[in-house]
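Number of protein chains: 2
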Amino acid sequence: MDQGLRLAAAVSETRQWDRLMRLARIGAIAGDGVNRQALTALDREARRLMIAWAEEAGASVSVDDAANLWFRVEGRLADAAPVLTGSHMDSQPAGGRFDGMYGVMAGLEVLCALKDSGETLDRPLEVVAWTNEEGSRFAPGCMGSMAWAGVKPLAAFAETRDAEGVRFADALAEQLAAEADLPRRPLGGTVHAYIEAHIEQGPKLEAEGLDIGVVTGIQGSRWFTVTVMGDSTHAGTTPVSLRRDAMQGAVRAIMALNTLTADPTDVLRFTVGSLVVEPGSSNSVAGMVRFTIDLRHPDAAVLAEKGDAIAESIARVIAPCDAKVEERFSATPLRFDPELVASVQGAADALGLRWALMPSGAFHDAQLVASAVPSAMIFVPSHKGISHNPAEFTSATQLAAGTRSLAASLAQQAKITK
Amino acid sequence: MDQGLRLAAAVSETRQWDRLMRLARIGAIAGDGVNRQALTALDREARRLMIAWAEEAGASVSVDDAANLWFRVEGRLADAAPVLTGSHMDSQPAGGRFDGMYGVMAGLEVLCALKDSGETLDRPLEVVAWTNEEGSRFAPGCMGSMAWAGVKPLAAFAETRDAEGVRFADALAEQLAAEADLPRRPLGGTVHAYIEAHIEQGPKLEAEGLDIGVVTGIQGSRWFTVTVMGDSTHAGTTPVSLRRDAMQGAVRAIMALNTLTADPTDVLRFTVGSLVVEPGSSNSVAGMVRFTIDLRHPDAAVLAEKGDAIAESIARVIAPCDAKVEERFSATPLRFDPELVASVQGAADALGLRWALMPSGAFHDAQLVASAVPSAMIFVPSHKGISHNPAEFTSATQLAAGTRSLAASLAQQAKITK
Chain A
1 MDQGLRLAAA VSETRQWDRL MRLARIGAIA GDGVNRQALT ALDREARRLM IAWAEEAGAS
61 VSVDDAANLW FRVEGRLADA APVLTGSHMD SQPAGGRFDG MYGVMAGLEV LCALKDSGET
121 LDRPLEVVAW TNEEGSRFAP GCMGSMAWAG VKPLAAFAET RDAEGVRFAD ALAEQLAAEA
181 DLPRRPLGGT VHAYIEAHIE QGPKLEAEGL DIGVVTGIQG SRWFTVTVMG DSTHAGTTPV
241 SLRRDAMQGA VRAIMALNTL TADPTDVLRF TVGSLVVEPG SSNSVAGMVR FTIDLRHPDA
301 AVLAEKGDAI AESIARVIAP CDAKVEERFS ATPLRFDPEL VASVQGAADA LGLRWALMPS
361 GAFHDAQLVA SAVPSAMIFV PSHKGISHNP AEFTSATQLA AGTRSLAASL AQQAKITK
Chain B
1 MDQGLRLAAA VSETRQWDRL MRLARIGAIA GDGVNRQALT ALDREARRLM IAWAEEAGAS
61 VSVDDAANLW FRVEGRLADA APVLTGSHMD SQPAGGRFDG MYGVMAGLEV LCALKDSGET
121 LDRPLEVVAW TNEEGSRFAP GCMGSMAWAG VKPLAAFAET RDAEGVRFAD ALAEQLAAEA
181 DLPRRPLGGT VHAYIEAHIE QGPKLEAEGL DIGVVTGIQG SRWFTVTVMG DSTHAGTTPV
241 SLRRDAMQGA VRAIMALNTL TADPTDVLRF TVGSLVVEPG SSNSVAGMVR FTIDLRHPDA
301 AVLAEKGDAI AESIARVIAP CDAKVEERFS ATPLRFDPEL VASVQGAADA LGLRWALMPS
361 GAFHDAQLVA SAVPSAMIFV PSHKGISHNP AEFTSATQLA AGTRSLAASL AQQAKITK
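Taken in order, these protein sequences are the chains called A and B.
Just so you know, UniProt numbering puts the end of the first sequence at 418, numbered straight through with nothing missing.
Just so you know, UniProt numbering puts the end of the second sequence at 418, numbered straight through with nothing missing.
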């Protein structure tokens with residue numbers, strides 16, 4: 001742990017904060033927010049800045065076929081499987097300054113701390129920025145980590161289109177062309193351990209006055225798209241009894257889903273976050289409504305039962321409209337590697353940080369990486385639990401505590417004791 | 001009524017249908033639709049065709065300062081106030097073949113029937129094509145009838161611009177210059193009675209197997225915008241009990257409004273046609289939802305009571321969100337002249353047509369003309385109630401029944417009994 005503590009001591013709170021604030025200017029929106037979506041010119045601008053800082057820290061830079069961006073510092077044993085940290089640099093359309101970006105910046109800060117401290121780890125240390133974690137431009141999210149971990153082939157996403165009709169494959173090709181000066185590395189590979197730092201995005205750590213959350217796993221998710229079909233007619237001339245009003249169909253469907261997902265223990269999470277109406281004219285009855293369902297629970301059995309009941313719950317109330325329910329994505333609940341979790345916990349103890357074990361309510365790249373590599377996560381507090389929002393906030397001190405914890409944990413994992 | 005019946009008998013179903021189909025080629029769009037907007041070259045091409053047919057029927061042609069187009073056949077008493085029919089020739093951008101155009105064509109067909117039958121009416125008979133009823137190129141609609149009736153001076157619309165930035169005054173001047181060969185008549189004048197034939201644009205007549213609707217008035221409208229404010233938080237990390245979910249707030253508000261506007265008589269029309277969510281991401285709780293309300297009823301008291309209760313109905317269910325209700329537009333209900341309505345009804349009876357009294361769900365030029373002249377309307381069925389859509393359809397037989405009813409009603413009004 002001595003090397004881990006020296007590395008942690010070299011973490012610079014102000015450098016990390018200043019760089020995060022500099023990054024937040026790329027795609028800045030009102031109220032301290034950030035709108036910097038995957039595979040856009042803003043994304044590329046942010047990556048160029050990170051690349052410059054990584055090179056300054058002595059890291060070699062490369063990119064893989066999924067446009068995941070890699071920074072690597074060699075260890076004492078060049079052939080050893082590296083330890084890996086990272087997260088994502090894309091944001092929600094009205095996102096904050098920390099979600100994802102903090103985890104990549106924390107990794108960069110560890111690289112800088114490594115250089116500043118003069119330490120050398122046994123294993124190589126790699127930092128990755130995964131492509132399109134948010135899934136807000138191209139659904140689903142976590143495409144980069146999913147493709148890297150071999151959960152789905154990259155080609156499976158090729159025809160996905162954004163709201164402007166741009167194909168994912170074309171946006172990816174544009175990104176890779178713009179970064180053609182960077183060495184290309186293969187997609188996938190052997191990694192010794194993956195530890196991702198992230199803001200909690202929930203209220204628990206702040207409420208309990210803790211420094212970090214040692215994350216035990218990630219609740220499962222199922223995402224659906226529901227399309228309600230009706231007839232678009234004139235709002236003034238069509239009696240209500242003769243309408244097939246897709247908006248009213250969608251309202252009935254959401255009410256039925258509220259009943260289906262009602263949970264007195266308040267663990268099940270059901271969200272309709274997007275709803276689009278066609279033609280969307282105030283004096284036309286809606287002919288089509290399409291809305292999303294985000295359903296999450298840590299228990300695979302509950303998630304299966306509730307998710308499987310969605311289509312039938314809607315079918316019971318949707319007449320005289322019709323509805324189509326499509327599952328776009330699902331992830332079973334995940335438990336992180338117990339030994340790695342125990343080691344993160346040990347590092348936090350050694351640093352004198354206040355921590356708690358907790359599951360992650362949100363979905364992260366670590367969920368995908370964990371299918372290929374022993375993985376864990378470190379959470380830092382989120383003010384009032386606010387996230388996916390310009391008001392997202394974690395203090396410089398809280399962020400630095402998380403990064404020190406990450407540094408010590410990575411150093412521990414990088415040690416070859418045999 | 002004998003003269004009215006003879007005039008009705010001279011109405012030609014095939015001539016009227018063939019001419020409507022010929023007109024529909026001017027501005028034809030996919031799926032039998034028409035895009036022929038006001039004061040365009042297509043509008044002028046359609047008017048030239050109508051002018052040629054009107055002259056063939058022995059009518060004199062003129063145009064007024066608002067580019068309303070007039071056809072006139074003298075009566076036995078040249079100085080008597082004329083009876084007037086007509087509608088508009090402009091269409092929605094993705095409109096059908098019948099909305100507006102049918103009413104002008106029906107008027108022309110009555111002129112032709114008058115010539116073919118050899119009848120002469122006591123009063124002069126005039127047919128008008130009002131300028132810019134749809135309001136889709138230059139808002140608002142009904143400019144021609146509004147200016148003619150003196151509801152608003154023509155100059156009030158001068159600076160209105162279309163999507164390409166063309167001023168209404170310039171488009172009007174271009175139209176008048178292109179029709180400088182036509183005699184100019186004054187804007188306004190004394191008219192004995194106005195009867196407008198139009199497609200229903202609703203499903204009632206077809207559903208009830210009726211030939212025509214004897215329109216009693218135009219229902220009133222109140223348009224509102226409702227903004228529901230919540231907090232946008234992370235769909236995975238925020239317990240449902242701690243959310244201020246604007247989407248759920250909007251669903252509760254719409255359910256409350258469904259209760260408020262429930263009408264066993266199926267006369268009240270409540271429509272939420274547009275709903276926008278922010279940030280609108282599938283894994284973010286909605287921070288803001290804005291939706292529209294279109295409320296219509298023929299009874300001013302009902303419209304006042306229900307419209308005034310909207311804000312309170314929403315307020316009762318909106319917690320923990322907040323809501324703001326804004327009224328954007330209102331139009332009080334209009335009752336057509338009862339004697340004229342009774343006379344239209346009598347003519348339909350004399351012709352053996354199946355009819356029903358009904359209010360108009362949509363706005364029409366007759367709403368403006370009614371402020372200056374005793375007015376009424378005759379509706380013909382709309383297949384499935386579809387309108388403002390290429391699929392708009394009324395059969396040749398149904399259109400002819402409407403025109404026969406119009407011919408008999410106009411003949412009745414043209415009679416000078418004293």
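Glycine is no exception: its CB is placed at the ideal position from the N, C-alpha and C atoms.
Check whether the Cβ atoms of residue i and residue j lie closer than 9 Å to each other.
{"i": "alanine 67 (chain A)", "j": "leucine 242 (chain A)", "result": "no"}
{"i": "glycine 188 (chain A)", "j": "glycine 361 (chain A)", "result": "no"}
{"i": "leucine 20 (chain A)", "j": "leucine 406 (chain A)", "result": "no"}
{"i": "alanine 24 (chain B)", "j": "methionine 101 (chain B)", "result": "yes"}
{"i": "residue 421 (chain B)", "j": "leucine 257 (chain B)", "result": "The requested residue 421 (chain B) does not occur in the structure, where chain B is confined to residues 1 to 418."}
{"i": "residue 450 (chain B)", "j": "alanine 376 (chain B)", "result": "Residue 450 (chain B) falls outside the range modelled here, since chain B spans only 1 to 418, and no answer is possible."}
{"i": "phenylalanine 157 (chain B)", "j": "leucine 39 (chain B)", "result": "no"}
{"i": "proline 338 (chain A)", "j": "glycine 220 (chain A)", "result": "no"}
{"i": "phenylalanine 224 (chain B)", "j": "glycine 307 (chain B)", "result": "yes"}
{"i": "glycine 86 (chain A)", "j": "glycine 103 (chain A)", "result": "yes"}
{"i": "serine 62 (chain B)", "j": "arginine 47 (chain B)", "result": "no"}
{"i": "glutamate 192 (chain B)", "j": "alanine 414 (chain B)", "result": "For the sequence presented, residue 192 (chain B) should be read as histidine rather than glutamate. In this structure, alanine 414 (chain B) lies closer than 9 Å to histidine 192 (chain B) by Cβ."}
For residue i and residue j, I'd like the C-alpha separation in whole angstroms.
{"i": "glycine 402 (chain A)", "j": "valine 380 (chain A)", "result": "6 Å"}
{"i": "asparagine 259 (chain A)", "j": "serine 313 (chain A)", "result": "Correcting the residue identity first, residue 259 (chain A) is threonine in this sequence and not asparagine. Cα to Cα, threonine 259 (chain A) sits roughly 9 Å from serine 313 (chain A)."}
{"i": "serine 12 (chain B)", "j": "methionine 105 (chain B)", "result": "12 Å"}
{"i": "isoleucine 212 (chain B)", "j": "serine 409 (chain B)", "result": "13 Å"}
{"i": "alanine 348 (chain A)", "j": "aspartate 2 (chain A)", "result": "13 Å"}
{"i": "phenylalanine 98 (chain A)", "j": "isoleucine 199 (chain A)", "result": "7 Å"}
{"i": "isoleucine 195 (chain B)", "j": "leucine 84 (chain B)", "result": "7 Å"}
{"i": "alanine 28 (chain A)", "j": "alanine 366 (chain A)", "result": "26 Å"}
{"i": "proline 183 (chain A)", "j": "alanine 147 (chain A)", "result": "19 Å"}
{"i": "valine 344 (chain B)", "j": "alanine 319 (chain B)", "result": "52 Å"}
{"i": "leucine 303 (chain B)", "j": "histidine 297 (chain B)", "result": "6 Å"}
Should residue i be labelled buried (16 or more other beta-carbon atoms within 10 Å of its own) or exposed?
{"i": "arginine 22 (chain A)", "result": "exposed"}
{"i": "aspartate 79 (chain A)", "result": "exposed"}
{"i": "aspartate 18 (chain B)", "result": "exposed"}
{"i": "serine 387 (chain B)", "result": "buried"}
{"i": "isoleucine 293 (chain B)", "result": "buried"}
{"i": "serine 395 (chain B)", "result": "exposed"}
{"i": "phenylalanine 329 (chain B)", "result": "exposed"}
{"i": "proline 82 (chain B)", "result": "buried"}
{"i": "alanine 370 (chain B)", "result": "buried"}
{"i": "glycine 165 (chain A)", "result": "exposed"}
{"i": "leucine 205 (chain B)", "result": "buried"}
{"i": "isoleucine 51 (chain B)", "result": "buried"}
{"i": "glycine 31 (chain B)", "result": "exposed"}
{"i": "leucine 295 (chain B)", "result": "buried"}
{"i": "glycine 118 (chain A)", "result": "exposed"}
{"i": "alanine 301 (chain A)", "result": "exposed"}
{"i": "leucine 111 (chain B)", "result": "buried"}
{"i": "threonine 131 (chain B)", "result": "buried"}
{"i": "arginine 354 (chain B)", "result": "exposed"}
{"i": "glycine 252 (chain A)", "result": "This sequence places arginine at residue 252 (chain A); glycine is not what is there. That one is buried."}
Bridge partners for residue i per DSSP, in chain order?
{"i": "residue 420 (chain B)", "result": "Residue coverage of chain B in this structure runs from 1 to 418, which leaves residue 420 (chain B) outside it and unanswerable."}
{"i": "histidine 198 (chain A)", "result": "A:Phe379"}
{"i": "serine 60 (chain B)", "result": "B:Arg72"}
{"i": "leucine 355 (chain A)", "result": "Before going further, note that residue 355 (chain A) is tryptophan rather than leucine in the sequence given. For tryptophan 355 (chain A), which the question treats as bridged, DSSP gives the partners A:Ile212."}
{"i": "tryptophan 17 (chain B)", "result": "Answer is none; tryptophan 17 (chain B) lacks a bridge partner."}
{"i": "glycine 144 (chain B)", "result": "Partner(s): none; glycine 144 (chain B) has no beta bridge."}
{"i": "isoleucine 29 (chain B)", "result": "B:Gly33"}
Give the residues of chain E in contact with residue i, contact being defined as C-beta atoms less than 7 Å apart.
{"i": "arginine 296 (chain A)", "result": "Reference to chain E is not applicable here, since the protein chains of this structure are A and B."}
Chain A contacts made by the stretch 21 to 40 of chain B, where a contact means CB separation under 9 Å:
none
Can you give me, in chain order, the residues of the stretch 89 to 105 of chain A that have a beta carbon less than 7 Å from any beta carbon in chain B?
For the stretch 89 to 105 of chain A, which is checked against every Cβ of chain B, the residues closer than 7 Å are Gln92, Pro93 and Ala94.
Taking a cut of 7 Å between CB atoms, which residues from the stretch 363 to 390 of chain A lie near chain B?
Within the stretch 363 to 390 of chain A, the residues whose Cβ lies closer than 7 Å to some Cβ of chain B are Phe363, Gly385, Ile386, Ser387, His388 and Asn389, listed in chain order.
Between the stretch 278 to 307 of chain A and chain B, which residues of the former have a C-beta closer than 7 Å to a C-beta of the latter?
Gly280, Ser281, Ser282, Asn283, Ser284, Val285, Ala286, Thr292, Asp294 and Arg296
If the cut-off is 8 Å on Cβ atoms, which residues from the stretch 236 to 260 of chain B count as contacting chain A, listed in chain order?
From the stretch 236 to 260 of chain B, only Gly236, Thr237, Thr238, Pro239, Val240, Ser241, Leu242, Asp245, Met247, Gln248, Val251, Ile254, Met255 and Asn258 have a Cβ closer than 8 Å to chain A.
Using a Cβ-Cβ cut-off of less than 8 Å, list which residues of the stretch 166 to 179 of chain B approach chain A; keep chain order.
Result list empty, no residue passes.
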